[in-house]
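Here's the structure, in structure tokens; my notes come after.
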Amino acid sequence: MRAPAGSLGRLDGLDLLRGVACVAVVFGHLMAWFAIERQDWWLSQAADTALGRPLHLNPQLAFIGVGSFFLITGVVITASAFREKPGQFLFRRVSRLVPLLWAVTVLAWIMINLGQRITPRLDQRLDVVDLLIGMVLGNFFQVPQVAFVGVTWTLVIQIVFYVWVTVTIPVLRRRPWIAPALAAAVCFVGILGSVAARGNPSVDVRVWAHHAGIWAAYIPLLVIGQIVALAYLGRIHRYTAVALGAVHFLLWVWVDRISGFTFQGDALPRTVMIMLLVLLVLMRVRGPVSSSRFVRAFAARTYAIYLVHVGCLYPVMDALVPRIGVELAVLTGLITVGVVAEILHRFVEMPADRWLRARRRKRPAEPAAAERAKEPTPA
Amino acid sequence: MAERARVMDELDRERAQPMPPGLVLAAALAVPFVLYSYLGGLWLNQHGYSPRVLVAVREWVNRPLGVGEDFGVLALCVLLLVAGYAGAADRSPVRAAWSVGLPAVVAVGAAALGAPALVWPFAVVAVHAVLLLVTTPLRARPLIAVVVQLVVVAGGAVLVGAHDQEVVDKLAFAVLPIMGQALWLVRVKALTALTGGTLVVAGWALIAAVESRHPAWEGQWFPITVCYAVLVVLVALPSGELLGRHAFVRAVTARAAWIVALIGPVGLTVQDLLYPATPWLLIVLAGAAATAASAEILYRLPRPGGAR
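Read top to bottom, the protein sequences are chains G and A.
Positions 1 to 379 (full-length UniProt numbering) are the ones given, in order, by the first sequence.
Positions 1 to 308 (full-length UniProt numbering) are the ones given, in order, by the second sequence.
As structure tokens, then:
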């Protein structure tokens, strides 16, 4: 059954996929802790035996989660782009991201200055300027780079995509196929330019070209999600969607071949293809599991979990593994992630979102409450 | 007893439904990939050709995705899944198997005469037909029936594997029609999606287990190929409303078994006859055309009762 024009309807299957992606991200970083500590853990070996080796995926099943999040973001954002004005679209996306990002960045800053390791790499002490830079994700552009809340590198990509969608909204509404086609051209030039700039004598040029190359490398995944949504909404023909999707997938393969833009392993194309097929299957799924309250609640908290999980897991693991053993330390770490994410979701993310929406609601162009309820969480 | 009778009545009612257009489309799309693989990629390499287009497709698609044999096994896996779905949906497993019976006889006959032929896909369908027949008493308990079939295939793989690895390498693919059967059971609500999904994962796990134990499968990456095939069929199942009903697409699907059977004895033989005097592109096109034409002729041959 097709959703009404301009709306994807409630896609329970995407909530399920969002939950799976979140678990995959947490699992990957948990396993990364063992890799950093040069320890083996039975769950890591079991995952490798059951999935990693048979499907020839990346070590620690890397990129299953992040790749899925990129695809999901592309899907859900596209529907919003048809409902909202460009300024409103960008405001809503940023208003969902920023409050929790700021809260977690402040917490991370405090923990780093207390000597805690909250990313795979141990950051040195950070001053207030570093904090302010980190709150606008500027830490990724510092030389040498500051890890801070390391997982937020994906937010940079998402924000670049939001800006791109904002700029192309008029085109997207009139000739929807042009937006992804244009994105392919821009990404192609971006990757090409970035590769060409690798030999540039200027450090600044090399650094910025590298960042632009990384954006251009990952944006095709979000655009593939956008293409899925456009086909699902009936805005482009399915053959057009297949052709555009193939172009963006080949861009992704190209990125994998030339190297230097990704770091998760050599199985990125097949990881993305598997997750894309899973996404296409789950978009049609509506069952007792996918529409359960637990899955919906978990999906709503994935952004909070995404931001806090490394910062909670690593200090807990560092402190407890030598004292109480691996299994109990992992359990304690996961409970800590759950509790902190729940607190931040209830007392920061949702109140801030409600407050910002209430301020915006006074303006006349705001869509109805029922439409807002369909708004997905960013991660 | 009343509950079992109700389940059987419902299943019989569902069996009257035609195959979903999405599966018709998936099977039709698989056919050119089988031709491309066996008449194109593999034959060209065996005869010393490495056209740029073939190398490019391998470099940019096959290798990154992990799909080997130029999509041939992937396409056959899709066809086996569809065959399993169709076999389960048919009122008579014997009749379902009979629909590929003549092509199977041709393939086996050609192989017996020393001609190249793809026999193993038909052997897999035959194994599934036997399993369906043996588990007929369990039709009212579809979950148990599918579990029994999986156990039999797994047990067979273990027992036969001790003596003949080559047989077990192909026998393991018998889980594909069983997976197709599980998909049909979910489709007709005889199984929940969760149960059906678990059975499909169990089938995939058997393929993964065979890969880890049999050296012949090393480097073939069959588990990921099977994974793609299952996902492609799942994506196709609720789709294809327009193309899947198209007469040409239905015609290709209907002739799929004949095309698979004749690729070796007709397609490869024609190609070997034309080699090396003819340019490779013409050889490949001639092989594909000869296979398609012979499949069409044999498909149109009259059968007793008009059955295809």
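Built from N, CA and C at the ideal position, the CB exists for glycine as well.
Span of the alpha helix (DSSP H) around residue i
i, result
"Ala-297(G)", "293–300"
"Met-31(G)", "12–36"
"Val-195(G)", "178–196"
"Asp-256(G)", "238–258"
"Ala-288(A)", "280–300"
"Thr-336(G)", "326–344"
"Glu-211(A)", "193–213"
"Pro-99(G)", "86–113"
"Gln-271(A)", "269–274"
"Gly-109(A)", "101–112"
"Ala-115(A)", "Neither: Ala-115(A) is in no alpha helix (DSSP H) and is coded neither H nor E."
"Thr-74(G)", "The question names Thr, yet the displayed sequence has Gly at residue 74(G). Note, Gly-74(G): alpha helix (DSSP H), 64–83."
For residue i, the nearest candidate out of the options (CA to CA)
i, options, result
"Ala-32(G)", "Val-339(G), Ile-224(G), Val-330(G), Ala-241(G)", "Val-330(G)"
"Val-57(A)", "Gln-46(A), Ser-239(A), Gly-40(A)", "Gly-40(A)"
"His-47(A)", "Gln-271(A), Leu-150(A), Ala-292(A), Thr-291(A)", "Gln-271(A)"
"Ala-251(A)", "Leu-262(A), Thr-269(A), Leu-237(A), Ala-292(A)", "Ala-292(A)"
"Pro-20(A)", "Ile-297(A), Val-167(A), Leu-183(A)", "Leu-183(A)"
"Phe-161(G)", "Ala-241(G), Leu-280(G), Ala-212(G), Arg-53(G)", "Ala-212(G)"
"Leu-131(G)", "Thr-119(G), Val-146(G), Pro-120(G)", "Val-146(G)"
"Leu-276(G)", "Pro-322(G), Val-26(G), Phe-347(G), Gly-74(G)", "Gly-74(G)"
"Val-125(A)", "Trp-221(A), Val-260(A), Arg-300(A)", "Val-260(A)"
"Lys-170(A)", "Ile-207(A), Ser-92(A), Leu-273(A), Val-284(A)", "Ile-207(A)"
"Phe-69(G)", "Leu-222(G), His-237(G), Arg-346(G)", "Leu-222(G)"
"residue 422(G)", "Tyr-314(G), Val-278(G), Val-23(G)", "One cannot answer for residue 422(G) here, as it falls past the ends of chain G, which runs 1 to 379."
"residue 363(A)", "Leu-25(A), Ala-277(A), Gly-287(A)", "Residue 363(A) is absent from the model: chain A starts at 1 and stops at 308."
"Ala-129(A)", "Asp-164(A), Arg-141(A), Ala-174(A), Val-266(A)", "Ala-174(A)"
"Arg-63(A)", "Gly-87(G), Val-247(G), Leu-268(G), Asp-40(G)", "Leu-268(G)"
"Met-273(G)", "His-248(G), Ser-95(G), Ala-300(G), Val-25(G)", "His-248(G)"
"Val-242(G)", "Cys-187(G), Ile-227(G), Phe-89(G)", "Ile-227(G)"
"Tyr-85(A)", "Leu-113(A), Gln-181(A), Glu-59(A)", "Gln-181(A)"
"Pro-177(A)", "Val-226(A), Pro-215(A), Glu-218(A)", "Val-226(A)"
"Leu-231(A)", "Pro-18(A), Leu-65(A), Val-78(A)", "Val-78(A)"
"Ala-115(A)", "Pro-121(A), Phe-122(A), Ala-123(A), Val-106(A)", "Val-106(A)"
"Ala-216(A)", "Asp-164(A), His-246(A), Gly-264(A), Phe-33(A)", "Asp-164(A)"
"Ser-92(A)", "Ala-123(A), Leu-199(A), Val-153(A), Arg-139(A)", "Arg-139(A)"
Cα-Cα separation, residue i to residue j
i, j, result
"Pro-201(G)", "Val-207(G)", "11 Å"
"Ala-369(G)", "Arg-357(G)", "Note that Ala-369(G) scores a pLDDT of 45, beneath 50, so its modelled location is shaky and nothing firm can be said."
"Leu-61(G)", "Gly-68(A)", "21 Å"
"Asp-318(G)", "Val-310(G)", "12 Å"
"Leu-8(G)", "Val-76(G)", "8 Å"
"Arg-117(G)", "Val-104(G)", "15 Å"
"Arg-360(G)", "Pro-99(G)", "16 Å"
"Leu-285(A)", "Leu-35(A)", "10 Å"
"Trp-355(G)", "Trp-102(G)", "16 Å"
"Ala-229(G)", "Arg-125(G)", "44 Å"
"Val-201(A)", "Arg-175(G)", "41 Å"
"Arg-372(G)", "Leu-172(G)", "Caution is warranted here: a pLDDT of 44 is assigned to Arg-372(G), below 50, making its placement in the model unreliable, and no coordinate value can be reported."
"Val-189(G)", "Pro-220(G)", "13 Å"
"residue 312(A)", "Ser-99(A)", "This structure does not reach residue 312(A), given that chain A is present from 1 up to 308, and the question cannot be answered."
"Leu-279(G)", "Ala-190(A)", "25 Å"
"Arg-10(G)", "Pro-51(A)", "48 Å"
"Thr-166(G)", "Gln-142(G)", "27 Å"
"Val-295(G)", "Ile-335(G)", "17 Å"
"Ala-30(A)", "Leu-76(A)", "7 Å"
"Ala-290(A)", "Val-82(A)", "25 Å"
"Val-235(A)", "Phe-148(G)", "40 Å"
"Val-281(G)", "Tyr-38(A)", "30 Å"
Residue i: CB within 7 Å of a non-hydrogen atom of the ligand ADP
i, result
"Leu-61(G)", "Within the structure as shown, the ligand ADP is missing, as the structure has no ligands at all."
Residues in the segment 211–238 of chain A having any Cβ partner in chain G nearer than 8 Å: Going along the segment 211–238 of chain A in chain order, one finds Glu-211, Ser-212, Trp-221, Pro-223, Ile-224, Cys-227, Tyr-228, Leu-231, Val-232, Leu-234, Val-235, Pro-238 with a Cβ nearer than 8 Å to chain G.
Interfacial residues, the segment 46–64 of chain G to chain A, with Cβ spacing under 7 Å: Residues Pro-54, Leu-55, His-56.
Contiguous alpha helix (DSSP H) assignments of at least 4 residues, all confined to the segment 203–237 of chain G: Those alpha helix (DSSP H) runs which fall completely within the segment 203–237 of chain G and span 4+ residues are 203–232.
Alpha helix (DSSP H) runs contained entirely in the segment 11–89 of chain A, provided each spans 4 or more residues: Counting only runs that start and end inside the segment 11–89 of chain A, the alpha helix (DSSP H) elements of at least 4 residues fall at 21–35, 43–46, 52–57, 72–89.
Residues in the segment 53–67 of chain A having any Cβ partner in chain G nearer than 7 Å: Of all residues in the segment 53–67 of chain A, those with a C-beta nearer than 7 Å to a C-beta of chain G are Trp-60, Pro-64, Leu-65, Gly-66, reading in chain order.
Residues within the segment 191–202 of chain A neighbouring chain G, beta-carbon criterion of under 9 Å: Flagged, chain order: Thr-192, Ala-193, Leu-194.
Selection of the segment 243–260 of chain G by Cβ proximity to chain A, strictly under 7 Å: Correct list: Leu-250, Val-253, Asp-256.
Short-range partners of chain G found in the segment 283–299 of chain A, where Cβ spacing is below 9 Å: Taking 9 Å as the Cβ-Cβ cut-off, the segment 283–299 of chain A has no residue approaching chain G.
Residues of the segment 286–299 of chain G with Cβ closer than 7 Å to any Cβ of chain A, in chain order: For the segment 286–299 of chain G, residues whose beta-carbon sits nearer than 7 Å to a beta-carbon of chain A comprise Gly-287, Val-289.
Contained alpha helix (DSSP H) runs [length at least 4] in the segment 131–182 of chain A, N- to C-terminal order: Segments of the alpha helix (DSSP H) lying fully in the segment 131–182 of chain A: 142–161, 165–171.
4-residue-minimum alpha helix (DSSP H) runs that sit fully inside the segment 218–265 of chain A, ordered along the chain: Complete alpha helix (DSSP H) runs here, min 4: 222–236, 247–254, 256–262.
Near-chain G residues of the segment 152–166 of chain A - C-beta to any C-beta below 9 Å: Against chain G - using a Cβ distance shorter than 9 Å - the segment 152–166 of chain A contributes no residues.
Under 7 Å (Cβ pairs) to chain A, residues found in the segment 263–278 of chain G: Residues of the segment 263–278 of chain G with a C-beta less than 7 Å from any C-beta of chain A: Pro-269, Arg-270, Met-273, Ile-274, Leu-277, Val-278, listed in chain order.
Short-range partners of chain A found in the segment 189–217 of chain G, where Cβ spacing is below 8 Å: Going along the segment 189–217 of chain G in chain order, one finds no residue with a Cβ nearer than 8 Å to chain A.
Where the segment 24–52 of chain A meets chain G: residues whose CB sits under 8 Å from a CB there: Of all residues in the segment 24–52 of chain A, none comes within less than 8 Å of chain G when Cβ atoms are compared.
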